[in-house]
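Be aware that the sequence shown starts at 454, since it is given in this note's numbering, and climbs by one per residue. Using N, Cα and C, we set each Cβ at its ideal position, and we do this for glycine too. Only a predicted model underlies this, so the values are computations on that prediction, with no experimental measurement involved.
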Amino acid sequence: MSNALMSNLEVSWLFQEMADLLEIKGENFFKIRAYRNAAKTISKLDKPLAELVKNNALEKIPGIGKAISSKIKEILKTGSCEAYKKLLEEIPKGVLEMRLIPGIGAKRARILFEELNISSLEQLEEAARKNLIRKLPGMSAKFESDILRHIKMLKGENKLISIGTARELGKKLVEYLSTIPGVSSVELGGSLRRWKETVSDIDIVASTTNPELLKESLIKHPRTVEVLEYSQNRVHIKNWWNIEVDLSITTADNFIPLLHRNTGSKSHYEQLKKIAESKGISLSNPSIIYPNGNKMKIESEKDIYTALCMQYIPPELREGKGEIEAALENKIPDLVEVDDIKGDLHTHTLWSDAADTIEDMVNAAKSRGYSYIAITDHSYPLNAAHGLDTKRIYSQLEEIKKLQEREKEFTILTGIECDILPDGSLAYPDEVLADLDVVVASVHSYFNQDKDTMTERIISAIKNEHVDIIGHVTGRVLEERAGYELDLSRIFEAAAKYNTAIEINSSHKRLDLNTENAKKAKEAGVKIAINTDAHESSELNDIIYGTAVARRAWLTPDDVINTLDVKQLLRHFS
Ligand SMILES: [Zn+2]
Ligand SMILES: [Zn+2]
């Protein structure tokens, strides 16, 4: 027997589809918004639409006008509506699928359809392989490689999903589930909440007074393709993206203990459980009950750690790798946070292979609350990436100077991502590098050099007094290629000695350094720069992934150079 509110959700889903279809058609913005708002309102109603229709109460709901209300009646009666069917006939199915790929959406699906006539996933894949997509406004080479990666995921060719993709889809799911009537809390759990760089599924923990409706809202959702398991407190499904979603359900007072257990890791939780047992308490109740009968209600995860007489341990550190011992001795440091980051030191623009102008990048950095950004386009041996020759470097400096004149508080740092050539020399003479504020030196060619040669090659760059940061040092690309052979301990030793920072590249297909290596770099006394390597202004937001790597590596703001203000930073570089 279906929950009485399920038909509300079905109407809501249909309106969301209509809004996307209208957007792909390029319809009027207000019309699209009307459907989106109606979909949202309807999903949250705590009375069945049929009942509201019967009582003539439908049009009293804000945002539900005549047009929408007549469609609701039609859908309730027939299961669909003519306007929707008509739209479906007008737009190829492949375009509708394309819009679901992370990073695309209805607006870009329309551009791809109109400009390149792409109407299937196969055509999309082919266009990305032929580098046709990067020519469209606002789309970059990186966007193309993301598309290829996501198509691989849809085909089930990747067992592990990158954290960026999983979090993006997971966050949308959390947002959706939190609108279901009866739900009080929903959060991502498992390894996704611990910010592991790749995950095998999306864990979600929710509390509700109406578990049946919550379960059905996931099982019957249009993007659910297979129900793998179903029990009283759990639904396990596979969705259209070929990702498994595991939803655990509980009551409001048990939400925190369940979220804590679900977050894990298993090893972390088992260790905690042992400590709890030795104190005669259990971690699976809504309250901590002490052996003397005293009771403490668990209001947050902090309460659990307090009850065990230890410091709070953030999810990123819960791997069972020494964090519990540290917490017992009060040695968990204040980890670096996204809000500590004052600027990005590795970004690209239309001058090389990225999608946006310098001004776009500056505006995006300002809206993130940054006080500086370094523009570091590619150097010239990288022909495919439209690298800058010396002449273009100096014309870029002119443009930056003009843009800087308009800024009061914000600093645009000049820079370059300079190729480290196979023999360890740099793509420009020292006099040119000396004219730039920030030099990121990276390897982009001859990946197959032997370990010693590659290590020496990078150390030569570290020794150059103009090089401030080594970019994506191991060269690995998740799901594509492992890093090249490298003696990292020698590289870290040199970086510490010559005061050259090593990057944590936040792009979720790189995450280079990874957690383990970032930890070793810190131990060697190396300073870290957390950069996004953004090729689109929106990618400045990827800083959350690099910061998560830094946190998992136990880094504090002092370990990270772009937590400095611009004056301190320039002093550090000189
Ligand atoms: Zn690079
Ligand atoms: Zn780059």
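- Only residues of its own chain outside the window of five on either side were considered, and among them Asn456 have a CB closer than 6 Å to the CB of Glu665, listed in chain order.
- A residue is listed when its beta-carbon falls short of 6 Å from at least one non-hydrogen atom of ligand 1; in chain order these are Glu870, Ser895, His897, Gly924, His925.
- Remark: the C-beta of Asp965 is outside contact range of ligand 2, defined as less than 7 Å to any heavy atom.
- In the structure shown, Lys750 falls within a strand segment according to DSSP collapsed to helix, strand and coil.
- Within the model, the alpha-carbon separation for Asp1012 versus Lys980 is close to 5 Å.
- Residues Asn695 of the same chain have their beta carbon placed closer than 7 Å to that of Gly609, with the five preceding and five following residues left out of the count.
- The bridge partners DSSP lists for Ala472 come to none.
- According to DSSP, residue pairing for Tyr683 in a beta bridge involves Val688.
- Residue pairing of His831 in beta bridges, as defined by DSSP: Glu870.
- Using a C-beta cut-off of 8 Å, the region 588 to 607 makes contact with the region 559 to 571, since at least three inter-stretch Cβ pairs fall below that distance.
- Residues of the same chain with a CB within less than 8 Å of the CB of Thr703, apart from the 5 flanking positions on each side, are Val658, Ala659, Ser660, Asn686, Leu711 in chain order.
- Here Arg486 carries a helix assignment [DSSP, helix/strand/coil].
- The region 913 to 931 makes no contact with the region 853 to 863, as fewer than three CB pairs between them are under 8 Å.
- In the displayed model, Asn958 falls within a strand according to three-state DSSP.
- Going by DSSP, Glu697 is part of the beta strand (DSSP E) stretching over 697 to 703.
- Burial of Ala880 is indicated by the presence of at least 16 other C-beta atoms within 10 angstroms of its C-beta.
- Residue pairing by DSSP puts Glu640 in a beta bridge opposite Val658.
- Nearest in C-alpha terms to Leu574, of all of Ser670, Gly775, Met606, Asn692, is Met606.
- Assigned with DSSP and collapsed to three states, Leu841 falls in strand.
- Placement of the Cβ of His839 at a distance of 7 Å or more from every heavy atom of ligand 2 is found.
- For Ile983, the enclosing beta strand (DSSP E) begins and ends at 981 to 984.
- Counting C-beta pairs closer than 8 Å gives three or more between the region 823 to 832 and the region 787 to 804, which meets the contact rule.
- No Cβ-Cβ contact shorter than 8 Å links Asn984 with Asp792.
- As for any alpha helix (DSSP H) of minimum length 4 sitting wholly inside the region 843 to 920, the runs are 843 to 859, 883 to 887, 904 to 916, ordered along the chain.
- With fewer than 16 other beta carbons inside 10 angstroms of its own, Ala887 counts as exposed.
- According to the DSSP assignment, Ser991 belongs to no alpha helix (DSSP H), since it is labelled neither H nor E.
- Residue environment analysis places Cys762 among the exposed positions, since fewer than 16 neighbouring C-beta atoms fall within 10 angstroms of its C-beta.
- If you draw a straight line from the Cα of Val698 to the Cα of Leu462, it comes to about 19 Å.
- Ligand 2 has no heavy atom closer than 7 Å to the beta-carbon of His961.
- In the three-state scheme derived from DSSP, where H, G and I count as helix and E and B as strand, Val926 is classed as coil.
- Taking a contact as a CB-CB distance under 8 Å, the pair Leu964 and Val1002 counts as one, their CB atoms being some 6 Å apart.
- Per DSSP, the unbroken beta strand (DSSP E) holding Ile741 starts and ends at 740 to 742.
- Excluding its 5 nearest sequence neighbours in each direction, Pro744 has C-beta neighbours in its own chain below 7 Å: Gly733, listed in chain order.
- DSSP lists Thr800 as the bridge partner or partners of Ala987.
- Burial state of Tyr823 is buried, judged by a 10 Å Cβ sphere holding 16 or more other Cβ atoms.
- In the three-state scheme derived from DSSP, where H, G and I count as helix and E and B as strand, Val506 is classed as helix.
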